[in-house]
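Asker:
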Ligand SMILES: C[S@@+](CC[C@H](N)C(=O)[O-])C[C@H]1O[C@@H](n2cnc3c(N)ncnc32)[C@H](O)[C@@H]1O
């Protein structure tokens, strides 16, 4: 199957970016890079069959990342597949905010500091922060046993000095006492991309490949975020910061929640690249 034909198959199946996806799958089959695709037209029989098979699966709206087995997230590449949420580009904004804050406030000469990633999934935020902040000791908390298996696999694949600074916990982020006991010392920074899509929101076909518990946050999208606020207050040291990703319809609900607890100040709403409210940051009171 040629690239043009594959692009047509994907377009007919309603795939958003048919040419880019077809190229990506061809690159995957050939084990080459995109720049060399122009000279890689002569597929042997086996490669041609593999490519056609992958195009057929993509036409069933199986996510690209499941087909190639990995997802890029900021500075890292994660193993993903059925049972774990595929990291999304918008969460890189939360990573960038957390990274900048850690560099500005925490990463002094030889400083050691504690980061907690609540609802860690494949470990995207936890691993990206551990990989780029040598002073960070990172706790990754995830409820789903299947997702935790992917998370642990991703941690095990890190360089030994990075892996040694990431601790994986299977736990429920709505249980403040349990999470505080897992983390032990007060945290300097908490990040979370929890399930937050309201249950009635229509989602693209690919999203159904993510576990429902990773995506949907109840009727208003706040089922996990609301009780998680008490957990964040329990584990953050006074002056420590939190960033929480949320649905574009719940920016006011999340800022209102954090202000309403009385535990946080500097509650700030941040937008994504399309200008939609995407994450909220705050500082634990009591500096
Ligand atoms: C939107 S996914 C985000 C995963 C990862 N942080 C990322 O950005 O790619 C949300 C994750 O929260 C997990 N989760 C859902 N409810 C949870 C809970 N009560 N406690 C801990 N993890 C939970 C899901 O299993 C899923 O892995």
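Numbering (the numbering used here), first residue to last: 191 to 477. In this text, a Cβ means the ideal position worked out from N, Cα and C, and glycines have one as well. Bear in mind the structure is a predicted one, so any value in this text is a computation, not a measurement.
Just confirm the distance between the C-beta atoms of residue 276 and residue 250, as a whole number of angstroms; I'd bet it's less than 8 Å.
Answerer: Not quite, the Cβ-Cβ distance comes to about 16 Å (not below 8 Å), so this is no contact.
Asker: Within 9 Å (strictly less), CB to CB, does residue 465 reach chain C?
Answerer: As a matter of chain content, chain C is missing from the structure shown, which is built from one protein chain.
Asker: Hey, residue 269 and residue 344 are a contact pair by Cβ (cut 8 Å); roughly how many whole angstroms apart?
Answerer: 6 Å
Asker: For residue 346, which residues of its own chain have a beta-carbon under 8 Å away from its beta-carbon, when the five flanking residues on both sides are left out?
Answerer: 353
Asker: Check the DSSP bridge columns for residue 459 and list the partner residues they point to.
Answerer: Residue 459 has 470 as its beta-bridge partners, per DSSP.
Asker: Taking just the CA atoms, how far does residue 438 sit from residue 482?
Answerer: Since the first residue of the chain shown is 191 and the last is 477, residue 482 is not available in this structure.
Asker: Go through its chain and collect everything with a Cβ distance to residue 260's Cβ below 8 Å, but skip five positions before and after it.
Answerer: 267, 268, 269, 270
Asker: For residue 217, tell me which candidate among 417, 238, 396, 413 has the shortest Cα-Cα distance.
Answerer: 238
Asker: Is residue 403 near ligand 1, judged by its Cβ being under 8 Å from some heavy atom?
Answerer: yes
Asker: Skipping 5 residues on each side, what residues in its chain have a beta carbon closer than 6 Å to that of residue 320?
Answerer: 326, 328, 352, 355, 356
Asker: Assign residue 326 to one of three DSSP states: helix, strand, or coil.
Answerer: In the three-state DSSP reduction, residue 326 falls in the strand class (E or B).
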